[in-house]
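Line by line, the protein sequences are chains Z and C. Position 282 of the first sequence, counting from 1, maps to 282 under the working numbering, and the rest follow consecutively. Position 150 of the second sequence, counting from 1, maps to 150 under the working numbering, and the rest follow consecutively.
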Amino acid sequence: MKKLLMATAAAALTAGTAYADGHAKEVKLGILLGFTGPIESLTPHMAAGAEMAAAEVTASGKLLDSATVTTMRADSACVDNGIAIASAEKLLAEGANGIMGSDCSGVTGAVLQNVAVPNGMVMISPSASSPGLTTMEDNGLFFRTTPSDARQGEVMAQVLKDRGVNSIALTYTNNDYGKGLSDSIKSNFEAVGGEVTIVAAHEDGKGDYSAEVGALASAGGDVLVVAGYLDQGGLGIIQGALDSGAFDTFGLPDGMVGDSLPTNVGPDLDGSFGQIAGSQSKGAEVFAELAAGKDFDHTSAYVGESYDAAALILLAMQAANSTAPADYAAKVLEVANAPGEPINPGELGKALEILAAGGDIDYQGATGVELIGPGESAGSYREIEIKDGKVTTVQYR
Amino acid sequence: MDLLNALVALTNFVIVPGLAYGSQLALGALGVTLIYGILRFSNFAHGDTMAFGAMVTILVTWLFQSVGLSAGPLPTALLALPFGILGTIALALFTDKTVYRFYRQQKAKPVIFVMVSLGVMFIMNGLVRFIIGPGDQRFTDGERFVISARTFKKLTGLDEGLAIKTTEALTVVTAVIVVAVLFWFLNKTRTGKSMRAYSDNEDLALLSGINPERVVMYTWMIVAALATIAGVLYGLDKSFKPFTYFQLLLPIFASAIVGGLGNPLGAIAGGFIIAFSEVTITYAWKKVLTYGLPDSLAPDGLVQLLSTDYKFAVSFAILIVVLLFKPTGLFKGKAV
Numbered sequence: 001m002k003k004l005l006m007a008t009a010a011a012a013l014t015a016g017t018a019y020a021d022g023h024a025k026e027v028k029l030g031i032l033l034g035f036t037g038p039i040e041s042l043t044p045h046m047a048a049g050a051e052m053a054a055a056e057v058t059a060s061g062k063l064l065d066s067a068t069v070t071t072m073r074a075d076s077a078c079v080d081n082g083i084a085i086a087s088a089e090k091l092l093a094e095g096a097n098g099i100m101g102s103d104c105s106g107v108t109g110a111v112l113q114n115v116a117v118p119n120g121m122v123m124i125s126p127s128a129s130s131p132g133l134t135t136m137e138d139n140g141l142f143f144r145t146t147p148s149d150a151r152q153g154e155v156m157a158q159v160l161k162d163r164g165v166n167s168i169a170l171t172y173t174n175n176d177y178g179k180g181l182s183d184s185i186k187s188n189f190e191a192v193g194g195e196v197t198i199v200a201a202h203e204d205g206k207g208d209y210s211a212e213v214g215a216l217a218s219a220g221g222d223v224l225v226v227a228g229y230l231d232q233g234g235l236g237i238i239q240g241a242l243d244s245g246a247f248d249t250f251g252l253p254d255g256m257v258g259d260s261l262p263t264n265v266g267p268d269l270d271g272s273f274g275q276i277a278g279s280q281s282k283g284a285e286v287f288a289e290l291a292a293g294k295d296f297d298h299t300s301a302y303v304g305e306s307y308d309a310a311a312l313i314l315l316a317m318q319a320a321n322s323t324a325p326a327d328y329a330a331k332v333l334e335v336a337n338a339p340g341e342p343i344n345p346g347e348l349g350k351a352l353e354i355l356a357a358g359g360d361i362d363y364q365g366a367t368g369v370e371l372i373g374p375g376e377s378a379g380s381y382r383e384i385e386i387k388d389g390k391v392t393t394v395q396y397r
Numbered sequence: 001m002d003l004l005n006a007l008v009a010l011t012n013f014v015i016v017p018g019l020a021y022g023s024q025l026a027l028g029a030l031g032v033t034l035i036y037g038i039l040r041f042s043n044f045a046h047g048d049t050m051a052f053g054a055m056v057t058i059l060v061t062w063l064f065q066s067v068g069l070s071a072g073p074l075p076t077a078l079l080a081l082p083f084g085i086l087g088t089i090a091l092a093l094f095t096d097k098t099v100y101r102f103y104r105q106q107k108a109k110p111v112i113f114v115m116v117s118l119g120v121m122f123i124m125n126g127l128v129r130f131i132i133g134p135g136d137q138r139f140t141d142g143e144r145f146v147i148s149a150r151t152f153k154k155l156t157g158l159d160e161g162l163a164i165k166t167t168e169a170l171t172v173v174t175a176v177i178v179v180a181v182l183f184w185f186l187n188k189t190r191t192g193k194s195m196r197a198y199s200d201n202e203d204l205a206l207l208s209g210i211n212p213e214r215v216v217m218y219t220w221m222i223v224a225a226l227a228t229i230a231g232v233l234y235g236l237d238k239s240f241k242p243f244t245y246f247q248l249l250l251p252i253f254a255s256a257i258v259g260g261l262g263n264p265l266g267a268i269a270g271g272f273i274i275a276f277s278e279v280t281i282t283y284a285w286k287k288v289l290t291y292g293l294p295d296s297l298a299p300d301g302l303v304q305l306l307s308t309d310y311k312f313a314v315s316f317a318i319l320i321v322v323l324l325f326k327p328t329g330l331f332k333g334k335a336v
């Protein structure tokens, strides 16, 4: 009997170590995005972008002793802090080494404060753009591959001014993202001499926007700027404003840019304009080529940013030679910025090699990544206009 | 002329959308109130029943569209509506048979029923998303406007446009017809009377030989039909998205409670009260006043009582005031 016990214990021990060995070669990357909620039409493509980077790293076999990268999707619900925090905790419980996410500014702040900072987890968001996140206490754990909306407001004011718009009505989705962006647009547009006739919030997911449209129409303006989401209130507001003949032209910040908007609204949207984070870097073209054959839409918003966010986490791990967030967090800015060898999408294998040899890289990625301040993208924008039911690029700013 | 402009602006941005939204809420609230009156519980699954009905209708609409069947200037969805109603009735009866009947036999307390309906809500919610997906579905076709803002301006030479969407006109007309039929049914037919008797006093109804299972069945059928009609009209007028139907539950319950739970007339009044309070209290009167008043009195500000942020606060404030001073609702419903 004693022998049997000993044997079982020994077997259990060896099994345990074998398990641990297998574990060391696996890097777990959590993908925390709003697969349900206001931007659920964008997130599958964003997740696919991040998974593409993970697959590329795995295929290269060069990450920390040819570790494989396993991705785990979790739902942030975009606007539901409770769900987002629960999902992030689940990712941590399942042993995530880093989190690509979250997406919407409100839940990103909530997860950062309640999960990432207390547990020392690194988060790189591809799309949270609220200016409030710049100053949030993050212990150096939070980065984003998208610029802050403080910058977007400047760009939008410039776009409006260049198009000869003198007065705007402004509506925003009632959350951290919408509020931050609308404040920034308002102050910047007024600084260049424009008039903001009204600033009205709208709630997402309600369907009926008669009250908002009525108030906006009464205030008037050349253009209605809608700082919302294209799958949500933003769409409802535009539809209502067009139907009642209140406005003909719309200003569309990043949350409203996507092909589903012109498809849903129809030809009346032609002539509306806006901007979305994007750059004319060579990386964008390379990324488009790489992703062309894949079964997701690489032109959808924030797909390149998602690829970059995932790549940055993995490259930082390589640079630190560790999967522990405490070790690699400090390396994120190093791999993202000069000096070093510029790295485009598809060259992650090469980058890992350089890092392993102790070299330095300057990750460019799909969006020309350049992190400034506390770790957010410097911010170049793509000015777009809706022409013939398509989102077309006017220029880069 | 200016006065006309003021009137048109008010009609365009307040009265027309308010009437359409109010009708949609009223139809939804009628379903909630019938369940409360006859089966004696608050049915939280109502919003998702509406979504399910709209979904079946959309699927049949797509089928009709693919074979080229259309209703001319009216949306094809109207032709598909009867199939949507049948599908929803089947679902409602199935749910009753598998879920609610068990608790009815247990003589469970109303609060247990409410929790059960919450569970049913989540299942229906998932079912709809599973079948049609969580995204936006558009199924409106036919003529978009009865009169569009541009045509109206051209016709009348006024500065302000008036737009009436086909779906808005359709919503109001359908709501009137449905309500008339429902009231005729409840007041004049044998089944309707037995339903009201069961609602008034269950034991007395049983003694006078009314079969409770039959009453329950008819109630579910009517509620399913109402939910489908409300869901389809709402989807036609705005857009179909499972999430918005879930959110619709709050204003619908607010309407039913303000009017008096269990009282059909109250549900209709409640629907319009909630809809118009949301639109008018947050409306910026600047445009209307600029037209209506002499130039010297024209306002500089927006003349907005409350910012639109408080839209929902308004309907819930009304709800609380009504509950405080008249707990049974404006029209005498059952005590809440």
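Note that CB positions come from ideal geometry on N, CA and C, so glycine has one too.
Which bits of chain Z does F243 (chain C) rub up against, with CB to CB less than 7 Å? Taking the first residue of the second sequence as 1, we reach residue 243 (chain C) at position 243. Chain Z residues near F243 (chain C): G205.
Listing by chain order, which chain Z residues have their CB less than 9 Å from the CB of Y283 (chain C)? By one-based count along the second sequence, residue 283 (chain C) stands at place 283. Chain Z residues near Y283 (chain C): A211, G214, A215, S218.
Give a yes or no on whether 8 Å exceeds the smallest Cβ distance from M301 (chain Z) to chain C. Working through the first sequence from its first residue, we reach residue 301 (chain Z) at position 301. Sequence inspection shows Ala at residue 301 (chain Z); the Met mentioned does not correspond to that position. For A301 (chain Z), the answer is no, since every Cβ of chain C falls outside 8 Å of its Cβ.
Going by DSSP in three states, M100 (chain Z) sits in which element: helix, strand or coil? Indexing the first sequence from 1 puts residue 100 (chain Z) at position 100. DSSP places M100 (chain Z) in strand when its eight states are reduced to three.
Spatial neighbours of R129 (chain C) within its chain, please: C-beta separation below 7 Å, excluding the five flanking residues on both sides. Here residue 129 (chain C) corresponds to residue number 129 of the second sequence, with the count starting at 1. Answer for R129 (chain C): P242, listed in chain order.
Just the Cα atoms here: how many angstroms apart are D21 (chain Z) and D362 (chain Z)? The count along the first sequence starts at 1 and reaches residue 21 (chain Z) at position 21. The count along the first sequence starts at 1 and reaches residue 362 (chain Z) at position 362. Because D21 (chain Z) carries a pLDDT of 43, less than 50, the predicted location of this residue cannot be relied on, and the following value inherits that uncertainty. Each residue's Cα considered, the two are about 32 Å apart.
Rank Z:G283, Z:A277, Z:Q239 by C-alpha distance to the C-alpha of P267 (chain Z) and give the top, closest one. In the first sequence, counting from the first residue as 1, residue 267 (chain Z) sits at position 267. The option with the nearest alpha carbon to P267 (chain Z) is Z:Q239.
Check whether the segment 344-363 of chain Z and the segment 277-295 of chain Z touch, using three or more Cβ-Cβ pairs below 8 Å as the test. The answer is yes - the segment 277-295 of chain Z touches the segment 344-363 of chain Z, with three or more Cβ pairs under 8 Å.
With DSSP run on the structure shown, which of helix, strand or coil describes Q364 (chain Z)? Position 364 of the first sequence, counting from 1, holds the residue named residue 364 (chain Z). Here Q364 (chain Z) sits in coil by DSSP.
Which residue from C:V16, C:L118, C:G231, C:G271 puts its Cα closest to that of F52 (chain C)? Residue 52 (chain C) sits at position 52 when you count from the first residue of the second sequence. Ranking the options by Cα distance to F52 (chain C), first place goes to C:G231.
How would you label K390 (chain Z), buried or exposed, when you count the other beta carbons within 10 angstroms and need 16 or more for buried? Numbered from 1 along the first sequence, position 390 holds the residue referred to as residue 390 (chain Z). K390 (chain Z) is exposed by the Cβ-count criterion.
Sequence-distant residues of the same chain with beta carbon closer than 8 Å to G359 (chain Z), five excluded per side: The residue given as residue 359 (chain Z) occupies position 359 in the first sequence. Scanning its chain for C-beta atoms nearer than 8 Å, with the 5 sequence neighbours on each side dropped, one finds around G359 (chain Z) the residues G340, E341, in chain order.
Tell me whether S208 (chain C) sits in a helix, a strand or coil according to DSSP, three-state version. Taking the second sequence and counting its residues from 1, one reaches residue 208 (chain C) at position 208. Coil.
Nearest to G235 (chain C) (by Cα), restricted to the options C:A180, C:G47, C:N12, C:A205: For the purposes of this step, residue 235 (chain C) is identified with residue 235 of the second sequence, where counting begins at 1. G235 (chain C) has its Cα closest to that of C:G47, out of C:A180, C:G47, C:N12, C:A205.
Name the chain C residues whose beta carbon is nearer than 8 Å to that of E40 (chain Z)? The count along the first sequence starts at 1 and reaches residue 40 (chain Z) at position 40. The contacting residues are P134, G135.
Go through its chain and collect everything with a Cβ distance to L91 (chain Z)'s Cβ below 7 Å, but skip five positions before and after it. One-based indexing of the first sequence puts residue 91 (chain Z) at position 91. Here the set comprises G30, L32, M72, A74, I99.
As an exercise, report each continuous alpha helix (DSSP H) stretch of at least 4 residues that is fully enclosed by the segment 87-127 of chain C, in chain order. 101-105
Just the chain C side, please: which residues come within less than 9 Å of S380 (chain Z) by C-beta, in chain order? What you label residue 380 (chain Z) is simply residue 380 of the first sequence in a count that begins at 1. Within chain C, no residue comes near S380 (chain Z); the closest Cβ sits about 30 Å away, beyond 9 Å.
Measure from the C-beta of T146 (chain Z) to each C-beta in chain C and report whether the shortest distance is under 8 Å. Translated into positions along the first sequence, residue 146 (chain Z) becomes position 146. No, T146 (chain Z) does not count as interfacial toward chain C.
Smallest Cα separation from G379 (chain Z): which of Z:I168, Z:H202, Z:D254? Stepping through the first sequence from its first residue, residue 379 (chain Z) is reached at position 379. Residue Z:D254 is the option with its Cα nearest to G379 (chain Z).
Going by CA-CA distance only, name the one from Z:D297, Z:A351, Z:G304, Z:Y302 that's closest to A316 (chain Z). The count along the first sequence starts at 1 and reaches residue 316 (chain Z) at position 316. Per the Cα distances, Z:A351.
Determine whether the Cβ of Y234 (chain C) lies closer than 8 Å to any Cβ atom of chain Z. Position 234 of the second sequence, counting from 1, holds the residue named residue 234 (chain C). By this cut-off, Y234 (chain C) is an interface position.
Test: V14 (chain C) CB closer than 8 Å to a CB of chain Z: One-based indexing of the second sequence puts residue 14 (chain C) at position 14. Yes, contact with chain Z.
For H202 (chain Z), which residues in chain C fall below 8 Å Cβ to Cβ? Position 202 of the first sequence, counted from the start, is the residue given in the question as residue 202 (chain Z). Residues of chain C passing the Cβ test: T308.
In chain Z, which residues lie with their C-beta within 8 Å of the C-beta of Y21 (chain C)? Looking up residue 21 (chain C) in the second sequence gives position 21. Result: D208, S210.
Does DSSP put M121 (chain Z) in a helix, in a strand, or in coil? Here residue 121 (chain Z) refers to the residue found at position 121 when the first sequence is read from its first residue. In this structure, M121 (chain Z) counts as coil in the three-state DSSP scheme.
From the DSSP output, which residues share a beta bridge with Y172 (chain Z)? On the first sequence, residue 172 (chain Z) is found 172 positions in, with the first residue counted as 1. In the DSSP output, where bridge partners are listed per residue, Y172 (chain Z) has Z:A201, Z:A227.
Cβ-Cβ distance between V226 (chain Z) and L252 (chain Z) below 8 Å: Along the first sequence, read from residue 1 onward, the residue named residue 226 (chain Z) stands at position 226. Along the first sequence, read from residue 1 onward, the residue named residue 252 (chain Z) stands at position 252. Result yes, Cβ atoms of V226 (chain Z) and L252 (chain Z) sit closer than 8 Å.
Give every residue of the same chain whose Cβ lies closer than 6 Å to the Cβ of E51 (chain Z), excluding the five residues on either side of it in the sequence, and list them in chain order. Here the question's residue 51 (chain Z) lines up with position 51 in the first sequence. Excluding sequence neighbours, E51 (chain Z) sits near T71.
Rounding to the nearest angstrom, what Cα-Cα distance links Y310 (chain C) and E212 (chain Z) in this structure? Against the second sequence, residue 310 (chain C) aligns to sequence position 310. Against the first sequence, residue 212 (chain Z) aligns to sequence position 212. Going by the C-alpha atoms only, they are around 11 Å apart.
Return the bridge partner residues of A284 (chain C) from the DSSP annotation. One-based indexing of the second sequence puts residue 284 (chain C) at position 284. DSSP lists C:Q304 as partners of A284 (chain C).
Whole alpha helix (DSSP H) elements within the segment 147-197 of chain C, 4-residue minimum: DSSP runs (the alpha helix (DSSP H)) wholly in the segment 147-197 of chain C: 149-156, 166-188.
By how many angstroms is the C-alpha of L158 (chain C) removed from the C-alpha of F152 (chain C)? Your numbering for residue 152 (chain C) matches position 152 in the second sequence. Your numbering for residue 158 (chain C) matches position 158 in the second sequence. Each residue's alpha carbon lies about 8 Å from the other.
Which residues of the segment 287-319 of chain C have a Cβ closer than 8 Å to any Cβ of chain Z? Give them in chain order. Taking 8 Å as the Cβ-Cβ cut-off against chain Z, the residues of the segment 287-319 of chain C that qualify are K287, V288, L302, Q304, S307, T308, D309, K311, F312.
Using a Cβ-Cβ cut-off of 8 Å, state whether G245 (chain Z) counts as contacting chain C. As a working note, residue 245 (chain Z) is residue 245 in the first sequence. Taking Cβ atoms only, chain C reaches closer than 8 Å to G245 (chain Z), which makes this a yes.
Just tell me which of Z:S125, Z:K62, Z:V57 has its CA closest to the CA of C78 (chain Z). On the first sequence, position 78 is the one that residue 78 (chain Z) refers to. With distances taken between Cα atoms, C78 (chain Z) lies closest to Z:S125.
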